[in-house]
Each structure stands twice: as structure tokens, then as C-alpha cells.
Amino acid sequence: VQLQASGGGLVQAGESLKLSCVASRSLLPLAAMAWYRQAPGKQREFVARWLSGGSTIYAGPVKGRFTISGDDAKSAVYLQMNSLESEDTAVYYCNIDTHSREHWGQGTQVTVSS
Numbered sequence: 252v253q254l255q256a257s258g259g260g261l262v263q264a265g266e267s268l269k270l271s272c273v274a275s276r277s278l279l280p281l282a283a284m285a286w287y288r289q290a291p292g293k294q295r296e297f298v299a300r301w302l303s304g305g306s307t308i309y310a311g312p313v314k315g316r317f318t319i320s321g322d323d324a325k326s327a328v329y330l331q332m333n334s335l336e337s338e339d340t341a342v343y344y345c346n347i348d349t350h351s352r353e354h355w356g357q358g359t360q361v362t363v364s365s
């Protein structure tokens with residue numbers, strides 16, 4: 252199974268981007284889908300999680316600015332990022348948890364210029 256992430260790019264501070272991640276085949280039943288990010292020289296960190304059933308969890312730095320959504324029928328997860336800051340610059344990775352294992356996408360670069 253491959254997870255194809257897209258939507259990254261170069262934007263200015265204050266602008267928005269929407270990331271998408273779709274699995275190459277259905278991964279039902281899903282436990283959760285999530286986004287992580289890794290900035291240069293830093294460890295990968297949690298950004299947001301969408302739980303099957305629709306509840307969501309956010310890391311503190313993105314709460315109120317980012318919105319995660321999921322479509323379990325499509326095995327797809329999205330991340331709407333508003334009011335981007337230079338600190339959001341990182342490679343963003345999607346993650347899909349199917350109860351038995353986790354799948355990772357290849358990453359998409361987000362660069363925010365101040």
C-alpha cells in the first residue's frame with residue numbers, strides 16, 4: 252500500500268495550504284489517520300489526528316489554525332492549514348493506522364517565508 256501526499260508548497264506567512272493524502276487501496280477498517288511533520292534538524296512531531304468516528308486531536312502549536320479531516324471510505328486524510336507561520340516549515344507526513352499496522356506517506360514539503 253502506498254500513501255500519496257500532496258499539496259505542499261512555498262507560501263508567505265499568513266497564507267493557507269491544504270494537504271491531501273490518499274491510499275492506493277482501501278485500508279478499511281481504520282483506527283485513525285494523522286499528520287506529522289519534521290523540520291530541518293528536528294525530530295518528527297505530531298500535528299493532528301482524526302479518529303474513526305470523526306473526533307480530532309491537535310498539537311498545541313497548530314490548534315485553532317489547522318483542521319484535519321478524513322474520509323475513511325476513500326482512506327484519505329486532509330489537513331487545512333491557515334495562518335501559516337515560519338515555524339510551520341517542515342516536511343509533512345501522513346499516517347494511517349489500521350489497528351494492525353501503521354502506514355506512512357512519503358512526505359510533502361511546506362515552506363513558509365516570513
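In this text, residue positions in the sequence shown follow our numbering: the first is 252, and each later residue adds one. C-beta atoms are modelled at their ideal positions from N, C-alpha and C, and glycine is treated no differently. On a predicted model such as this, the values are computed, not experimentally measured, just so you know.
Requested in this report: Please name the residue, chosen from Ala283, Thr307, Gly265, that lies closest to Glu353 on a Cα-to-Cα basis.
Outcome: If we check each option's Cα against that of Glu353, Ala283 comes out closest.
Query raised in the report: Where Val273 and Trp355 are concerned, what is the direct C-alpha to C-alpha distance, given to the nearest angstrom?
Result: Roughly 11 Å between the two C-alpha positions.
Requested in this report: Leaving out five residues on either side along the sequence, give the residues of the same chain with a beta carbon under 8 Å from the beta carbon of Ser337.
Outcome: In chain order, Ala264, Val363, Ser364, Ser365 place their CB closer than 8 Å to the CB of Ser337, counting only its own chain and leaving out the 5 sequence neighbours on each side.
Query - Collapsed DSSP secondary structure at Val298 in the structure displayed - result: Val298 sits in a strand when the DSSP states are folded into three classes.
Query raised in the report: When we look at the beta-carbon of Gly321 and count the other beta-carbons within 10 Å, is it buried (16 or more) or exposed?
Result: With 16 or more other Cβ atoms within 10 Å, it is buried.
Report task. Kindly indicate which three-state DSSP category Gly311 falls into: helix, strand or coil? Result -> In the structure shown, Gly311 sits in a helix (DSSP, three-state: H, G or I).
Requested in this report: Could you tell me which residues DSSP pairs with Lys293 in its beta bridges?
Outcome: As far as DSSP is concerned, Lys293 takes part in no beta bridge.
Requested in this report: Below 6 Å CB to CB, which residues in the same chain sit around Gln289 once its five sequence neighbours on both sides are set aside?
Outcome: Result list for Gln289: Arg295, Ala341, Val342, in chain order.
**Report entry** Of the residues Pro291, Gly304, Ala299, Tyr287, the one placed nearest Leu279, counting alpha carbons only
**Finding:** Cα-wise, what sits closest to Leu279 is Gly304.
Requested in this report: Return the CA-CA distance between Gln331 and Ser306, expressed in angstroms with no decimal places.
Outcome: The straight-line gap from Cα to Cα measures roughly 16 Å.
Query raised in the report: Which residue or residues does DSSP assign as beta-bridge partners of His354?
Result: DSSP output for His354 lists Ile347 as bridge partner(s).
Query raised in the report: Got a sec: does the ligand SAH put a non-hydrogen atom nearer than 8 Å to the Cβ of Glu336?
Result: Absent from the structure shown: the ligand SAH. Ligands present: none.
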